[in-house]
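In our numbering, the protein residues as written are 26 to 302.
Glycine included, each C-beta is placed from N, C-alpha and C at the ideal position.
Structure follows, in structure tokens:
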């Protein structure tokens, strides 16, 4: 009963996505046509300020583990496989319902790789709604997702039992063009909902991220876990992200994350694939 409302929300979103997809006569998966023959990216929304759509990058829904205000385009399907500290694995699947709404599901398996105890967390719903499909200036989004990967996104009860932290987030962001490619920065706050013991406004955290992209290499910097009461400063997590994108549909991402409280680095490896219905 502890996670009943989360399971109901997850099931409802999955059912909604299935209903959206079954409404079409044909079901075809293909690589998204982000770039036309002249090298210009295809976008269902208006061109961004500075013409960032002239490059090879269309939408940037995440910078590492933090969400941006960008959404998947209608019919896009994205899957991600992430390996994080302690042998953990995250599997995420998302679909773009339309340019302002994405839904999906995310699951963390702590300790799946290696000799540590395996913890199968309750699957969590993923939801993101953006105020604009493709903003000319500043965009705003809100959603529901799990927080940082690994132990930094996990609650441990007095008996040592771990649970992934889920909650709502609210952020602002802006796309910008640099070196002929689309980039984005975002600033937001996460408000934990589950588990129950994390449901306190003082456990809300601030996050920030920005990108510097080229055609085949994408770079990002993020700062997360800054508590809004400015306590637990040793829990702040700065990260440097490097992604190799040989084709628009495939991404190999490496994140180097520093922990001040342990004076050590976390290494996070992700594989992402985007197809189009």
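- Under the Cβ criterion (8 angstroms, minimum of three pairs), the segment 232–246 counts as touching the segment 204–217.
- Sequence-distant partners of residue 133 (beyond 5 residues in either direction) whose C-beta falls short of 6 angstroms from its own C-beta, in its chain, are 115, 146 and 189.
- Residue 275 and residue 213 have their C-alpha atoms spaced approximately 27 angstroms apart.
- Per the coordinates, the alpha-carbon of residue 117 lies some 18 angstroms from the alpha-carbon of residue 273.
- Shown here for residue 282: same chain residues with a beta carbon closer than 7 angstroms to its own, the five before and five after excluded, namely 262, 264, 290, 291 and 293 in chain order.
- When only Cα atoms are considered, residue 202 and residue 157 end up about 18 angstroms apart.
- Following the DSSP letters along the chain, one finds residue 200 inside the beta strand (DSSP E) bounded by residues 191–203.
- Within the segment 96–154, the runs of beta strand (DSSP E) that reach at least 3 residues and sit entirely inside it are, in chain order, 101–109, 113–123 and 126–135.
- Residue range 289–301 is occupied by the beta strand (DSSP E) that includes residue 301.
- Per DSSP, residue 244 is one residue of the beta strand (DSSP E) stretching across 242–252.
- For residue 263, the enclosing beta strand (DSSP E) starts and ends at 262–272.
- If you draw a straight line from the Cα of residue 150 to the Cα of residue 129, it comes to about 6 angstroms.
- Counting the other CB atoms within 10 Å of its CB gives residue 287 a total below 16, which places it among the exposed residues.
- Minimum Cα-Cα distance from residue 110 among the listed residues 94, 95, 143 and 248 corresponds to 143.
- By the neighbour-count definition (other C-beta atoms within 10 Å, threshold 16), residue 121 is a buried residue.
- Scanning its chain for C-beta atoms nearer than 7 angstroms, with the 5 sequence neighbours on each side dropped, one finds around residue 277 the residues 268, 269 and 296, in chain order.
- C-alpha of residue 169 to C-alpha of residue 193: approximately 4 angstroms in a straight line.
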